[in-house]
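Peer 1: Quick one: the structure is below, questions incoming.
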Amino acid sequence: MIWALVPLITAGIATTLVFVFPAIRLRKAIHWLVVAGYLALTVTGFATASSPDSSAGRNVFATAIVVLWLGGTAHAFAIRSRVFATQPPLAPGYEGAVRMATGRRELRTAARESARDPVMAWELRIGRPDLPRGFDDGGLVDVNHVPPYVLAQLPGMNAELVDRILRTREQCGGFTSVEELSALAELPPTLTETLGEYVIFLP
């Protein structure tokens, strides 16, 4: 529900980013064309924003905003059921496990793209499994904001490492990358690549 409201809440500014998620999740060329279309409208809107009143440029700006804002919202609600459709039952055994892991990785990739917009990341609560939400981000963890018990669930974590991360986070005010996290919190080098698959760093 929140995902489909993002174009409305952001007055169309984040509409392009909203539709990156279905493009990645559904893997159809038409959805990437939609992203390109909304991106073109966004660029057009910004380019004509300062046009004089009653000019053709002002009319173009108004049209672009209406399409991005109201059209984007209606479009998001129209495809929401397909984007968040329940996946078919997985095959048993190894094949099913691989399919599940691949699906989770795709969700993380899509969520990372969406998290480039701080407003959207906040609305969708990306990386915050400790908060109620209706959005599956594939298991991402926002190291800068989650409580200790969430950090403890990351691969390779133990009580000592979690304590290091918390103390360092308080001292430096947060991290910007997994490399910085590993260096400042003095984590084992072997953990860096593994953690990079699951962590994000929101401001």
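Using full-length UniProt numbering, the first residue of the sequence shown is number 1, and each one after it goes up by one.
We put the beta carbon where it would ideally sit given N, CA and C, even for glycine.
The model shown is predicted, which means the values in this text are computed figures rather than measured ones.
Note down the Cα distance separating Val66 from His31, rounded to an integer number of angstroms.
Peer 2: 20 Å
Peer 1: Taking the C-alpha atoms as reference points, what is the distance between Arg108 and Asp137?
Peer 2: Distance between the alpha carbons of Arg108 and Asp137: 5 Å.
Peer 1: Where Ala199 and Ala97 are concerned, what is the direct C-alpha to C-alpha distance, given to the nearest angstrom?
Peer 2: The sequence shown places Val at residue 199, rather than the Ala named in the question. Taking the CA atoms as reference points, Val199 sits about 22 Å from Ala97.
Peer 1: Here's the rule I'm using: 16 or more other beta-carbon atoms within 10 Å means buried, otherwise exposed. How should Ser55 be labelled?
Peer 2: exposed
Peer 1: With the cut-off set at 9 Å, would you say Leu202 and Ile79 are in Cβ contact?
Peer 2: no
Peer 1: Say whether chain D places a C-beta atom closer than 9 Å to the C-beta of Val143.
Peer 2: Of the chains in the structure shown, none is chain D; there is only one protein chain.
Peer 1: With a cut-off of 8 Å, do at least 3 Cβ pairs link the region 178 to 191 to the region 150 to 161?
Peer 2: With contact defined as three or more Cβ pairs closer than 8 Å, the region 178 to 191 and the region 150 to 161 are in contact.
Peer 1: For Phe61 versus Thr44, is the C-beta spacing smaller than 9 Å?
Peer 2: yes
Peer 1: Mind pulling the alpha helix (DSSP H) runs of 4 or more residues that sit fully within the region 18 to 62?
Peer 2: 20 to 26, 29 to 48
Peer 1: Does the Cβ of Ser81 have 16 or more other Cβ atoms within 10 Å, making it buried, or fewer, making it exposed?
Peer 2: exposed
Peer 1: Would you mind working out which of Leu166, Ala115, Glu197, Phe46 sits nearest Ile13, comparing C-alpha positions?
Peer 2: Phe46
Peer 1: For a quick check, are the C-beta atoms of Leu26 and Val119 less than 9 Å apart?
Peer 2: no
Peer 1: Assuming contact is defined by CB atoms lying nearer than 9 Å, are Asp142 and Arg128 in contact in what I supplied?
Peer 2: yes
Peer 1: Considering only residues of the same chain and omitting the five flanking positions on each side of Ala110, which have a CB-CB separation below 6 Å?
Peer 2: Phe21, Ile24, Arg25
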